[in-house]
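These notes concern the structure reproduced below.
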Amino acid sequence: MRWRLVVVVGLSTILAGCGLFRSRPTIEERPGATQTGVASWYGPGFHGNNTSSGEVYDQNELTAAHQTLPLGTLVSVSNLDNGRQVEVRVNDRGPFAKGRIIDLSYAAARALDMIGPGTANVRVEVVGASRSNRLPTSAYAVQVGSFSDHDNALRLKTTLARRFDGVYVATSDGNAGRFYRVRLGRFNRREDALRTARAVVPLGLTAIIVEDGVSP
């Protein structure tokens, strides 16, 4: 009996060491739910490959891989080491390395200043779930800010309107309360929205491409 017990324990230890016998990190899907742990990032080696959602991975977009959150979920990721924050959309599955809770795109990792270290201690907070796992197929907008205070949203809108056309504030209500999203344009092609997003990033703002009419 003692010999059998030793075998079982030994096998469990081996499986755990190989990464085949461990529980996956979980987080509730509701807005406001949080998860803390280690984030990593993936970039050039995966650029252009298909993600789990079927979308082509673009390392320059603000996206992420998560093990359990529904594809399309928008989350806020805060770097607990330096206070930086970024919002990303989950469009892939991962990470598969032990002890990590989210894999960020190159653009998201750069926003959090974690390219060099490769990993960072983060807090992941669910901002909102997409209405479906369907990828955007019609119109797009570039979201550059999300506020609970309407005046703050209007100030950013006024500032951006001096440099960009089609700046507006979209209002959405959820379990976490009312939010005011500052967005630019209405684009029929994702590539057009991406060009505008790249023009916004040098201003020190975080740009997220969203389906127009959907409040992430």
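Each residue of the sequence shown is one higher than the last, beginning at 824 in the numbering used here.
Heads up, the beta-carbon is just placed ideally off N, CA and C, and yes, glycines get one too.
Remember, it's a predicted structure, so these values are computed and weren't measured experimentally.
Its Cα nearest to that of E851, the residue H889 stands out among M937, H889, V1033 and G1000. For E852, there is no enclosing beta strand (DSSP E), as DSSP gives it neither H nor E. Membership of D936 in any beta strand (DSSP E) is not indicated, and neither H nor E is assigned to it by DSSP. Distance from R946 to L903 at the Cβ level is roughly 6 Å; contact confirmed, criterion being Cβ atoms closer than 8 Å. The Cβ-Cβ distance between N914 and T886 falls below 8 Å.
Around the C-beta of R1018, fewer than 16 other C-beta atoms lie within 10 Å, and the residue is accordingly described as exposed.
If you look at T886, you'll find it in the beta strand (DSSP E) that goes T886 to A888. Your pair S899 and E884 does not check out as a contact, with CB atoms roughly 16 Å apart and the cut at 8 Å. Per DSSP, the unbroken beta strand (DSSP E) holding E910 starts and ends at Q908 to D915. Taking C-beta separations shorter than 7 Å and ignoring five residues to either side along the sequence, the partners of A1020 in its chain run V965, A1030 and I1032, following chain order. Here the alpha carbons of R1012 and N872 stand approximately 20 Å from one another. DSSP places R946 in the strand class (E or B) of the three-state scheme.
Counting only runs that start and end inside the region 1004–1034, the beta strand (DSSP E) elements of at least 3 residues fall at 1031–1034. Residue pairing by DSSP places A964 opposite V1033 in a beta bridge.
The three-state secondary structure of T982, taken from DSSP, is helix. Setting aside the 5 residues that flank it on each side, Q882 is surrounded in the same chain by G866, H870, S928 and Y929, each with a C-beta closer than 6 Å to its C-beta; the list follows chain order. Residue pairing for D926: DSSP places it in a beta bridge opposite S863 and A888.
In this structure, F1010 lies near Y963, with their beta-carbon atoms less than 8 Å apart.
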